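If you're matching them up, the sequences are chains U and W in order. Start counting the first sequence at 1; every next residue gets the next number (the numbering used here). Start counting the second sequence at 115; every next residue gets the next number (the numbering used here). For every residue, glycine included, the Cβ atom is placed at its ideal position computed from N, Cα and C. This one's a predicted model, so the numbers in the text were calculated from it and none came from an experiment. Report on the following structure.
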Amino acid sequence: MSLFSQPVGVSHYLVVGAVMFVCGVVAMATKRNALGVLMGIELVLNGANLNFIAFGSQILHREPARTIGLDGQLIALFVIVLAAAEAAIALAITLNFYNNQGTVDVDRADDLSG
Amino acid sequence: MQSPIIWHTFFFFLFSFLACVFAVAVLVTSNIVRMAFFLVISLGSTAGLFFLAGADLVGSMQLMIYVGGTLVLLIFGVMLTARSPLISMHTPSGEWILGAIVGGSLLAVLLQIALSPKAWQQGPELPPAAYTAVEAGTPAAAELARDPRLRPPQTATKLGLGLLGERVDKLVVQDPTRRAGMSGYLLPFEIVSVHLLVVLVGAAYLARARFRVSD
Numbered sequence: 001m002s003l004f005s006q007p008v009g010v011s012h013y014l015v016v017g018a019v020m021f022v023c024g025v026v027a028m029a030t031k032r033n034a035l036g037v038l039m040g041i042e043l044v045l046n047g048a049n050l051n052f053i054a055f056g057s058q059i060l061h062r063e064p065a066r067t068i069g070l071d072g073q074l075i076a077l078f079v080i081v082l083a084a085a086e087a088a089i090a091l092a093i094t095l096n097f098y099n100n101q102g103t104v105d106v107d108r109a110d111d112l113s114g
Numbered sequence: 115m116q117s118p119i120i121w122h123t124f125f126f127f128l129f130s131f132l133a134c135v136f137a138v139a140v141l142v143t144s145n146i147v148r149m150a151f152f153l154v155i156s157l158g159s160t161a162g163l164f165f166l167a168g169a170d171l172v173g174s175m176q177l178m179i180y181v182g183g184t185l186v187l188l189i190f191g192v193m194l195t196a197r198s199p200l201i202s203m204h205t206p207s208g209e210w211i212l213g214a215i216v217g218g219s220l221l222a223v224l225l226q227i228a229l230s231p232k233a234w235q236q237g238p239e240l241p242p243a244a245y246t247a248v249e250a251g252t253p254a255a256a257e258l259a260r261d262p263r264l265r266p267p268q269t270a271t272k273l274g275l276g277l278l279g280e281r282v283d284k285l286v287v288q289d290p291t292r293r294a295g296m297s298g299y300l301l302p303f304e305i306v307s308v309h310l311l312v313v314l315v316g317a318a319y320l321a322r323a324r325f326r327v328s329d
């Protein structure tokens, strides 16, 4: 299998990250359930995290001195923590919306539109 | 001659296949319970990809915080709002077509950028001694011992020191203008800690049950 005999490079990771990012963006745009929009955000953040890890990895690059080093992993840790905070606050808002309106359809959240 | 299978590459393709397929499954299904389940698999496979890139602490944090914390929170949200008309909400097909056009063009741009640089297309080759039995003490064994892929990455101490403001991976930076930016992550760490505390207190305040006294 020539597919499995090539060493993995940064591009492989970037392709996976791009697919997850695009899936998340389209899910954010098309889902009507507010929790589905939230899951799209999680996918976007994970695709971005994958890119940070790939750019910081010494394993994937031919010249390890030219990677961004530990910065990639540190930024990925911050992204994970901020995603946890964002999920907590978004879930609280969604539950409040559900208690007030009896639905989680984002198209019904138009009380503030003129 | 048939070149041997690199198991690192094999597991990369396994985990990336799982991550991409279940990310697409999250997008195409309209059942919110199934979406949550597919998201668990997709993010768990991403943790596997982190391990394969040598980020062992970030991979385990991904499993513990993301899959074990954030997604459990999301699944609680799904269960609390799961009434029968809300479980499966269909998107009109016009929005699907528009989303497919926008997503397809975005994906084309991102893939072109990801695949164009020559230095990114292939990783470093393993030394040929990695495929044979090597005796201890020979130069080939010393070369294998230096290879970062054949060593446990052990990033936890380095990352912890980085969060405290010491960068053990970049102790010496010759350029004085770049040296000013190498001061570690102590201030962002403190900011994100206080931010997390404030957000969790605010979320608990927002989501608490309100009992109104009717008159």
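Item                                                                                                                                                                                                         : Value
Mind pulling the chain W residues with CB within less than 8 angstroms of Arg62 of chain U?                                                                                                                  : Ala233, Gln236, Gly237 and Pro238
How about Leu171 of chain W and Thr269 of chain W: do their beta carbons lie closer than 7 angstroms?                                                                                                        : yes
Show which residues of chain U have a CB atom less than 8 angstroms away from the CB atom of Glu209 of chain W.                                                                                              : Ala29 and Thr30
Use the C-beta contact count for His204 of chain W: other C-beta atoms within 10 angstroms, 16 or more gives buried, fewer gives exposed.                                                                    : exposed
Return helix, strand or coil for Ser117 of chain W, following the three-state DSSP convention.                                                                                                               : coil
Which residues in chain U sit within 7 angstroms of Leu320 of chain W, going by Cβ to Cβ distance?                                                                                                           : Ala92, Ile93 and Asn96
May I ask you to list the residues that DSSP assigns as paired with Asp105 of chain U?                                                                                                                       : U:Asn33
Against chain W, with Cβ distances strictly below 7 angstroms, would Val15 of chain U count as a contact?                                                                                                    : yes
Verify whether the separation of the beta carbon atoms of Val22 of chain U and Leu229 of chain W is less than 7 angstroms.                                                                                   : no
Would you call the stretch 204-217 of chain W and the stretch 94-110 of chain U in contact, with 3 or more CB pairs under 8 angstroms?                                                                       : no
Between the Cα of Gly298 of chain W and the Cα atoms of U:Leu70, U:Asn99 and U:Ile89, which residue gives the shortest distance?                                                                             : U:Leu70
Based on the DSSP output, what are the partners of Ser202 of chain W in its beta bridges?                                                                                                                    : W:Asn145
Which chain U residues sit within Cβ distance under 7 angstroms of Thr271 of chain W?                                                                                                                        : Simply none; closest approach about 11 angstroms.
Identify the continuous alpha helix (DSSP H) that holds Met193 of chain W and give its terminal residues.                                                                                                    : Leu185 to Leu194
Helix, strand or coil, according to DSSP, for Pro302 of chain W in the structure here?                                                                                                                       : helix
Can you name the residues of chain W whose CB is closer than 8 angstroms to the CB of Ala18 of chain U?                                                                                                      : Leu221, Leu224, Leu225 and Ala228
Taking only beta-carbon positions, decide if Ile119 of chain W is within less than 7 angstroms of chain U.                                                                                                   : yes
To be precise: take each residue of the stretch 149-162 of chain W, compare its Cβ to all Cβ atoms of chain U, and keep it if any distance is under 8 angstroms. Which residues remain?                      : Met149, Ala150, Leu153, Ser156, Leu157 and Thr160
Give the straight-line distance between the Cα atoms of Pro302 of chain W and Ala321 of chain W, rounded to the nearest whole angstrom.                                                                      : 28 angstroms
When we look at the beta-carbon of Ala318 of chain W and count the other beta-carbons within 10 Å, is it buried (16 or more) or exposed?                                                                     : exposed
Taking C-alpha atoms, which residue in U:Ala90, U:Phe78, U:Phe97 and U:Asn51 lies nearest to Ser11 of chain U?                                                                                               : U:Asn51
Looking only at C-alpha atoms, which of U:Ala65, U:Ile53, U:Ser2 and U:Met20 sits nearest to Val286 of chain W?                                                                                              : U:Ala65
Give the single residue among U:Ala85, U:Gly72, U:Leu82 and U:Leu95 whose Cα lies nearest to the Cα of Thr195 of chain W.                                                                                    : U:Leu95
Report back the beta-carbon spacing between Leu185 of chain W and Leu157 of chain W to the nearest angstrom; my notes put them in contact at under 8 angstroms.                                              : 7 angstroms
Residues of chain W with CB under 9 angstroms from Ile59 of chain U, in chain order?                                                                                                                         : His122, Leu166, Ala167, Gly168, Gly237, Pro238, Pro262, Arg263 and Pro267
Taking the alpha helix (DSSP H) that Arg265 of chain W falls in, what are its first and last residues?                                                                                                       : Element bounds for Arg265 of chain W: n/a, residue is neither H nor E.
With a 10 Å radius around its C-beta and 16 neighbouring C-beta atoms as the bar for buried, classify Arg260 of chain W as buried or exposed.                                                                : exposed
Does the CB of Ser11 of chain U have a neighbour CB from chain W at under 7 angstroms?                                                                                                                       : yes
Straight-line CA distance for Lys232 of chain W to Met193 of chain W?                                                                                                                                        : 48 angstroms
Could you tell me which uninterrupted alpha helix (DSSP H) segments, each at least 4 residues in length, are contained entirely in the stretch 30-106 of chain U, listed from first to last along the chain? : 34-56 and 70-101
Using a Cβ-Cβ distance under 7 angstroms, would Phe55 of chain U count as near chain W?                                                                                                                      : no
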